[in-house]
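Asker: Numbered according to UniProt numbering, the sequence shown spans residues 1 to 178. From the three backbone atoms N, C-alpha and C, an ideal C-beta is built for every residue, glycine too.
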Amino acid sequence: MSEDIDAVLRELEHGIVIWRNVNYVFGTALVHSEAYTAVMVLEWLQTLNLEISLVWYSPWSLLKVLYLLSRYTPLIYWPAFYYSLWSQKDQFGSQGIGLGTCENLVRYIVCTYTIGASFTELLLTIRTWAVCECSRKMAFALFPAYVAAYAGVFTLVCLWLVKEAECEKQYFSIPPTT
């Protein structure tokens with residue numbers, strides 16, 4: 001009898017440790033992401049007049065497109081990111097998202113964030129090249145470095161997506177036990 005109670009107590013202790021870790025991770029991520037979002041929104045509001053006068057009414061160019069894409073891509077993935085965080089925070093209550101929805105949100109967030117970051121990095125690469133007076137040497141150094149870095153990033157994201165799809169097929173193809 002006491003062995004059964006000890007086993008239950010060990011299992012309960014293990015569950016509490018897991019719950020504390022999950023709560024810490026999601027709580028920390030939520031606090032940091034909300035602080036980051038607050039800083040970004042404040043910065044957007046403070047610089048909106050300059051952006052309107054200097055960017056919105058300027059002629060269309062590659063730099064303008066890259067700037068707008070890098071500036072407003074977070075508005076595409078933030079709603080999904082916060083939905084996933086806030087839904088996970090309620091995972092022990094009556095609300096919550098299912099495993100499939102969570103996996104799809106993670107894929108969406110990773111892909112949109114990666115694409116947005118690539119726009120930002122390309123814009124910074126072009127600006128660095130311009131600061132270097134459009135030097136050919138810098139062009140031969142900066143642009144291949146950008147292409148190599150993001151080829152690696154996109155390859156890793158694609159490999160992760162393929163692995164996720166394989167795991168999902170394997171997980172859902174297991175016949176139920178009777």
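R10 to I97, Cα distance in whole Å?
Answerer: Roughly 29 Å separates the two Cα atoms.
Asker: First and last residue of the alpha helix (DSSP H) that includes S70?
Answerer: Start and end: L62 to Y72.
Asker: Using three-state DSSP, classify P59 as helix, strand or coil.
Answerer: P59 falls in the coil class under three-state DSSP.
Asker: Assuming P59 contacts G116 under a Cβ cut-off of 8 Å, what Cβ separation, rounded to an integer in Å, is found between them?
Answerer: So it is not a contact: roughly 24 Å between Cβ atoms.
Asker: Considering only residues of the same chain and omitting the five flanking positions on each side of M138, which have a CB-CB separation below 8 Å?
Answerer: Counting only Cβ-Cβ distances below 8 Å, and skipping sequence neighbours, we find T128, W129 and C132.
Asker: Do you know offhand how far Y150's Cα is from N49's?
Answerer: Answer to the nearest angstrom: the Cα atoms are 33 Å apart.
Asker: Do you know whose CA, among Y146, V110 and R107, lies nearest residue 179's CA?
Answerer: Here the chain has residues from 1 to 178 only, and residue 179 is not among them.
Asker: Less than 8 Å separating the beta-carbons of I126 and L68?
Answerer: No.
Asker: Determine the closest residue to R107 out of V157, S53, Q46 and W56, with distance taken between C-alpha atoms.
Answerer: Of V157, S53, Q46 and W56, the residue nearest in Cα terms is V157.
Asker: Output needed for L105: all residues of its chain with C-beta closer than 6 Å, excluding positions within five of it in sequence on either side, in chain order.
Answerer: Closer than 6 Å at Cβ, skipping near neighbours: A80 and S84.
Asker: How would you label L42, buried or exposed, when you count the other beta carbons within 10 angstroms and need 16 or more for buried?
Answerer: It counts as exposed.
Asker: Out of A38, D6 and A165, point me to the one whose CA is closest to E103's CA.
Answerer: The residue with the shortest Cα to Cα distance from E103 is A165.
Asker: Can you give me the C-alpha to C-alpha distance between V39 and L124, rounded to a whole angstrom?
Answerer: Cα to Cα, the separation comes out at about 21 Å.
Asker: Compare the Cα-Cα distances from A35 to each of T120, C134 and Y82 and report the closest residue.
Answerer: Cα-wise, what sits closest to A35 is Y82.
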